[in-house]
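Protein sequence lines, in the order shown, are assigned to chains C and G. Just so we're aligned, residue 1 is where the first sequence starts under this note's numbering, counting upward by one. Just so we're aligned, residue 339 is where the second sequence starts under this note's numbering, counting upward by one. For each residue, glycine too, the CB sits at the ideal point set by N, CA and C. A quick write-up on the structure given underneath.
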Amino acid sequence: MDATSSPAAPRELLQRLEGAVRRRFGTAAALENIEVATLGGSNRTLLFDLVEGPTRRRLVFRQETYRLEQSPFIAPHDQYQLLEVAQRHGLAIPEPIFEFEPQDGLDRGYVVAFVEGETLPRRLLTDPRFEMARQNFPTQAGDFIGRLHAISTLEAVFLEQTPDSLDPVAAQLARFDYYGEAHPALELAIRWLVRHPRRASNRCLLHGDFRTGNLLMGQEGIRAVLDWECAHLGDPMEEFGWLCLRSWRFGLIDKPVGGFCGREPLYRAYTAASGIEVDAEAVHWWEVFGFVRWIVLNIMQAHGHWTGVRRSPAFAACGRNTALIEYDLLMTLLGHYH
Amino acid sequence: MSQDQPSLPDILRVVRDFIEQIKEDVPDKDRYHAMCCSYLLSVAEREISDDARLADKKNDVLCTFLGRPMVPLAATRALAAGLREGRFDEQWDKVTELVLHHVIDKVMVSKPEHLNAIHREERR
């Protein structure tokens with residue numbers, strides 16, 4: 001399949017992508033094997049081969065298709081800058097290739113290298129082929145997060161004014177209020193967070209969405225950490241509160257670290273890489289916060305559905321999924337779930 | 339609601355059963371959406387079979403806590419607003435219990451098997 005014949009990608013878009021590629025790699029460069037990975041949500045993702053004479057590289061095109069009001073996602077330009085920062089520090093990420101410029105006519109987005117691997121949680125957590133990856137997970141994940149948190153925040157100063165960097169609770173409240181729904185469980189949790197304020201002892205660059213589902217893995221372990229849209233600056237314990245959320249255990253509830261393992265080996269690897277000790281009480285606070293955030297994200301997805309902006313069964317289901325998250329939140333707050 | 343057969347719950351059930359039958363045969367990109375469709379239909383089935391009298395009784399409990407009679411949506415909004423304003427801080431355990439039962443009611447519609455055994459037993 002060439003650059004103008006992919007059935008689910010508009011011809012004009014593919015022509016513009018071809019133009020963007022040729023501006024950077026020469027007029028002989030061609031696009032082949034175009035595949036639509038996702039077409040919906042707030043991003044369009046295409047996979048394609050960049051062919052330059054005898055060499056061929058699989059790349060990923062990622063274009064913003066919808067800008068939400070009160071968006072929880074950082075701009076594509078900031079995402080791209082972050083990938084460059086992470087690459088400079090040797091972290092496992094998809095290599096940034098180029099960012100769109102106005103003359104490309106592709107609006108906001110970028111191209112990164114394709115990384116072969118698996119992201120489906122059920123396979124990663126139960127398939128015998130990933131046994132070694134599961135064994136390696138706490139060391140690899142702890143090391144990745146530790147090295148990320150060890151990067152100076154001065155290298156990501158462009159995230160300083162992101163709402164989640166300024167005041168994460170206020171950022172969630174502002175988004176929640178925008179959707180105009182009433183969720184007493186969410187209000188109860190926010191009230192608890194406000195009444196038990198925490199002062200972070202460190203401020204770090206956070207991935208913000210480091211969890212099962214956003215980790216691309218091979219049989220040996222983590223190959224690339226994806227989806228940097230929620231990155232911000234904040235308390236490093238927030239990263240663990242999110243990763244250990246019950247929602248990411250996919251039924252393996254006795255393995256709080258994303259269904260992979262217990263907390264201790266992850267924390268040990270993290271401290272070895274970052275020099276930062278993990279504060280279990282702070283992680284619990286951030287887990288409560290994480291449930292609040294996950295509820296608001298589901299409300300956002302459902303809002304996109306029922307307002308007609310991006311209708312789909314999956315986004316509709318998110319609306320009713322909020323009750324399940326609220327239940328886990330309350331059971332955690334009451335000390336029944338850990 | 340129509341008096342003719344099939345009933346509304348049966349219509350939802352037959353469509354859901356069909357989706358369940360074909361979901362393994364649909365292309366990968368559509369399978370997740372097919373599963374979501376089946377889930378949404380099961381939610382609808384449970385929601386229409388909800389006991390209206392029981393719902394009224396639960397709203398009465400909430401309105402007693404709030405101190406005035408209200409329709410369910412207004413009562414939920416009043417509870418949420420009161421929590422935001424800290425009006426129930428002195429009754430924290432009581433309001434937490436109330437909110438928990440409000441959420442359990444919603445989970446009974448969304449996905450009853452998600453509840454912990456203690457609450458599943460309680461609702462039998």
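Where C/Asp-107 and C/Glu-35 are concerned, what is the direct C-alpha to C-alpha distance, given to the nearest angstrom?
One-based indexing of the first sequence puts residue 107 of chain C at position 107. One-based indexing of the first sequence puts residue 35 of chain C at position 35. So the two alpha carbons sit approximately 20 Å from each other.
Quick check on C/Ala-224 - is its C-beta less than 7 Å from some C-beta in chain G?
Taking the first sequence and counting its residues from 1, the one referred to as residue 224 of chain C is at position 224. No - not a single Cβ of chain G is within 7 Å of the one on C/Ala-224.
For C/Asp-49, the residue or residues it bridges with in DSSP:
As a first step, residue 49 of chain C must be located in the first sequence, where it is residue number 49. Per DSSP, C/Glu-32 and C/Arg-58.
Is the CB of G/Thr-402 under 7 Å away from at least one CB in chain C?
On the second sequence, position 64 is the one that residue 402 of chain G refers to. No, because no Cβ of chain C sits closer than 7 Å to the Cβ of G/Thr-402.
Span of the alpha helix (DSSP H) holding C/Arg-122?
Position 122 of the first sequence, counting from 1, holds the residue named residue 122 of chain C. Run containing C/Arg-122: 121-126, per the alpha helix (DSSP H) assignment.
Please confirm if C/Ala-174 has its CB atom under 7 Å from at least one CB of chain G.
Residue 174 of chain C sits at position 174 when you count from the first residue of the first sequence. No - not a single Cβ of chain G is within 7 Å of the one on C/Ala-174.
So, does the CB of C/Tyr-178 fall closer than 7 Å to a CB anywhere in chain G?
Within the first sequence, residue 178 of chain C is the residue found at index 178, counting from 1. So no, C/Tyr-178 is outside the interface.
DSSP on C/Gln-70, reduced to helix/strand/coil?
Position 70 of the first sequence, counted from the first residue, corresponds to residue 70 of chain C. Residue state, collapsed to three classes: coil.
State the DSSP-derived secondary structure class of C/Tyr-110, mapped to helix, strand or coil.
Here residue 110 of chain C refers to the residue found at position 110 when the first sequence is read from its first residue. Of the three classes helix, strand and coil, the one that applies to C/Tyr-110 here is strand, per DSSP.
Check C/Ile-97 in the structure and name its three-state DSSP category.
Taking the first residue of the first sequence as 1, we reach residue 97 of chain C at position 97. Looking at C/Ile-97 - three-state DSSP - the assignment turns out to be strand.
Please list, in chain order, the chain C residues whose beta carbon lies closer than 8 Å to that of G/Ile-442.
Here residue 442 of chain G refers to the residue found at position 104 of the second sequence. Tyr-327, listed in chain order.
Looking at the C-beta of C/Arg-320, does it have a partner C-beta in chain G at a distance below 7 Å?
Along the first sequence, read from residue 1 onward, the residue named residue 320 of chain C stands at position 320. So yes, C/Arg-320 belongs to the interface.
Cβ of G/Ser-340 less than 7 Å from any chain C Cβ?
Translated into positions along the second sequence, residue 340 of chain G becomes position 2. No - not a single Cβ of chain C is within 7 Å of the one on G/Ser-340.
Under 6 Å: does the beta carbon of G/Lys-444 sit that close to some heavy atom of the ligand ZN?
Because no ligand of any kind appears in the structure shown, any question about the ligand ZN cannot be addressed here.
Starting from C/His-303, trace the alpha helix (DSSP H) both ways and give me its first and last residue.
To locate residue 303 of chain C, count along the first sequence from 1; it is residue 303. Residues 280-306.
Figure out for me which residue from C/Val-283, C/Gln-63 and C/Leu-297 has the closest Cα to the Cα of C/Tyr-110.
The residue you call residue 110 of chain C lines up with position 110 of the first sequence. The candidate whose alpha carbon is nearest that of C/Tyr-110 is C/Gln-63.
Assigned secondary structure, C/Ala-37 (DSSP; H/G/I helix, E/B strand, else coil):
Within the first sequence, numbered from 1, the residue matching residue 37 of chain C stands at position 37. Three-state result, C/Ala-37: strand.
Chain-order list of residues whose beta-carbon lies under 7 Å from that of C/His-207 (same chain, five-residue window excluded):
Along the first sequence, read from residue 1 onward, the residue named residue 207 of chain C stands at position 207. Counting only Cβ-Cβ distances below 7 Å, and skipping sequence neighbours, we find Leu-148, Val-225, Trp-228, Ala-231 and Glu-239.
Taking contact to mean 3 or more Cβ pairs, one atom from each stretch, closer than 8 Å, check whether the region 267-278 of chain C and the region 314-334 of chain C are in contact.
no
Buried or exposed by the 16-neighbour rule on C-beta atoms within 10 Å, applied to C/Leu-233
On the first sequence, residue 233 of chain C is found 233 positions in, with the first residue counted as 1. Buried is the call here.
Please specify which runs of the alpha helix (DSSP H), each continuous and at least 4 residues long, are wholly inside the region 214-279 of chain C, giving them in chain order.
237-243 and 263-274
When the Cα of G/Arg-369 is compared with those of C/Pro-313, C/Met-331 and C/Tyr-337, which residue comes out closest?
By 1-based counting over the second sequence, the position of residue 369 of chain G is 31. Checked all of C/Pro-313, C/Met-331 and C/Tyr-337; the closest Cα to G/Arg-369 is C/Pro-313.
Residues of chain C with CB under 7 Å from G/Leu-438, in chain order?
Along the second sequence, one-based indexing puts residue 438 of chain G at 100. Within 7 Å Cβ-Cβ: Leu-330.
Integer Cβ distance of C/Pro-96 from C/Arg-175, believed to fall under 8 Å
By 1-based counting over the first sequence, the position of residue 96 of chain C is 96. By 1-based counting over the first sequence, the position of residue 175 of chain C is 175. Not confirmed; about 28 Å, so no contact.
Taking the CB atoms as reference points, tell me whether C/Gly-253 and C/Ala-92 lie closer together than 7 Å.
Locating residue 253 of chain C in the first sequence gives position 253, counting from the first residue. Locating residue 92 of chain C in the first sequence gives position 92, counting from the first residue. The question names Gly, yet the displayed sequence has Ile at residue 253 of chain C. Their beta carbons are not under 7 Å apart, which means C/Ile-253 does not touch C/Ala-92 by this criterion.
Along the alpha helix (DSSP H) that carries G/Leu-392, what are the first and last residues, could you check?
Working through the second sequence from its first residue, we reach residue 392 of chain G at position 54. Note, G/Leu-392: alpha helix (DSSP H), 390-404.
Are any of the Cβ atoms in chain G nearer than 7 Å to that of C/Pro-184?
Residue mapping note: residue 184 of chain C aligns to position 184 of the first sequence, counting from 1. By this cut-off, C/Pro-184 is an interface position.
CB-CB length for C/Thr-287 against C/Leu-334, believed under 8 Å:
Translated into positions along the first sequence, residue 287 of chain C becomes position 287. Translated into positions along the first sequence, residue 334 of chain C becomes position 334. Note that residue 287 of chain C is Glu in the sequence shown here, rather than Thr. Actually they are not in contact, since the Cβ atoms of C/Glu-287 and C/Leu-334 sit about 13 Å apart, beyond 8 Å.
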